[in-house]
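Enquirer: Pasting in a structure now, in structure tokens, and then I'll have a few things to ask.
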Amino acid sequence: MFLLKGLLLRFALVAPIGMQNIYVFNNAFNHSLKRSMLYSLFVWISNTALASVGYFGFSVILNANETVKQVVMFVGGVLVVWLAWNVLKSARSVDLNEQVNQIPVKKAILTAIVVIWANPQAVIDSSITLSAIRGTLADSAVGMFITGIVMATFIWIMGMTLVINSLKDRLSKKFLIWINVISGIVLLLYGVHLLYEVGVNVMSTF
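Shown next as structure tokens:
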């Protein structure tokens with residue numbers, strides 16, 4: 044029962060289109076199945092780490108100190124803008140050749156960390172939701188619930204990667220370029236919005 048509850052809750056949290064899903068979507072379009080599954084695995088590991096930290100009370104730190112929350116949002120905004128710039132800069136160079144698209148594993152790991160941990164909305168929302176639910180569960184249910192959370196994230200990320208990657212060969216290069224451009228613009232707007240929110244919050248304190 045608690046395993047199912049964890050599955051359903053995580054699907055509800057991870058399904059809405061956001062920075063993570065845009066990255067996974069873009070990743071599946073631009074790499075071979077082997078590479079895209081590997082890079083998505085890094086995203087899942089990073090996501091699982093964030094969910095686990097949030098589940099066991101990370102929100103306490105964020106809610107206790109407004110300055111910490113604003114710093115998280117500012118750093119996240121800067122990193123998201125940086126990620127968007129890289130996506131847009133490489134948009135026209137998209138190719139279905141694995142060797143062309145291959146990026147170093149270290150860069151893929153760093154990007155996965157940025158996509159998850161530099162996303163203030165995910166950090167704040169997930170940590171608050173999961174840590175709040177943790178407080179309502181008996182100790183015997185904790186393990187099953189977090190297992191459901193982890194399983195749902197894996198199914199969503201890897202499943203989406205598999206489906207999108209299997210369809211990409213039917214699409215033209217021009218379409219793939221536009222996918223990159225749209226992804227980059229969405230990420231850029233998201234990052235700018237985060238920085239704007241921090242600016243507004245800082246100005247309101249004066």
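The numbers in our numbering rise by one with no breaks, and the one at position 65 of the sequence shown is 108. For every residue, glycine included, the Cβ atom is placed at its ideal position computed from N, Cα and C.
#1: Under a Cβ-count criterion, where at least 16 other Cβ atoms within 10 Å of its own Cβ denotes burial, should Q142 be classed as buried or exposed?
#2: Between the region 87-100 and the region 193-204, can you find at least three pairs of beta-carbon atoms closer than 8 Å?
#3: Specify the secondary structure class of S215 as computed by DSSP and reduced to three states.
#4: Here's the rule I'm using: 16 or more other beta-carbon atoms within 10 Å means buried, otherwise exposed. How should H236 be labelled?
#5: Using the Cβ count rule (16 or more neighbours within 10 Å means buried), how would you classify M246?
#6: Looking at the structure shown, is N162 part of a helix, part of a strand, or coil, going by DSSP?
#7: So, L42 versus A195, is the Cβ gap smaller than 7 Å?
#8: Classify A71 as buried or exposed, calling it buried when 16 or more other Cβ atoms lie within 10 Å of its own Cβ.
#9: Measuring alpha carbon to alpha carbon, tell me which residue in M44, M62, K48, S75 is nearest I207.
#10: Do you know whose CA, among W125, A181, S133, K132, lies nearest T154's CA?
#11: Using only the alpha-carbon positions, how far apart do F188 and W160 sit?
#12: Taking 6 Å as the cut-off, is the CB of R213 close to at least one heavy atom of the ligand FAD?
#13: Please classify A127: does DSSP put it in a helix, a strand, or coil?
#14: In the DSSP assignment, find the unbroken alpha helix (DSSP H) run with S133 in it and report its ends.
#15: Does the distance from the CB of M62 to the CB of V158 come in under 7 Å?
#16: Buried or exposed: where does L232 fall if 16 or more other Cβ atoms within 10 Å of its Cβ makes it buried?
#17: Within the same chain, show all residues whose beta-carbon is closer than 6 Å to that of M44, passing over the 5 residues directly before and after it, in chain order.
#18: Tell me where the alpha helix (DSSP H) around S83 begins and ends.
#19: Should S183 be labelled buried (16 or more other beta-carbon atoms within 10 Å of its own) or exposed?
#20: Is DSSP giving A181 helix, strand or coil here?
Expert: Based on what the coordinates show:
#1: Note that Q142 has pLDDT 45, beneath the 50 cutoff, so the model's placement of it is unreliable and the number below is only indicative. By the 10 Å Cβ count, Q142 comes out exposed.
#2: yes
#3: coil
#4: So H236 counts as exposed.
#5: exposed
#6: coil
#7: With the chain represented from 44 up to 249, any question about residue 42 goes unanswered, as that position is not in the structure.
#8: buried
#9: Looking at the Cα atoms, S75 is the closest of the given residues.
#10: Comparing Cα positions, the closest option is W125.
#11: Straight-line Cα distance between these residues: approximately 22 Å.
#12: Looking at this structure, you won't find the ligand FAD or any other ligand, since it has none at all.
#13: helix
#14: Element bounds for S133: n/a, residue is neither H nor E.
#15: yes
#16: exposed
#17: Here the set comprises nothing.
#18: 76-98
#19: exposed
#20: coil
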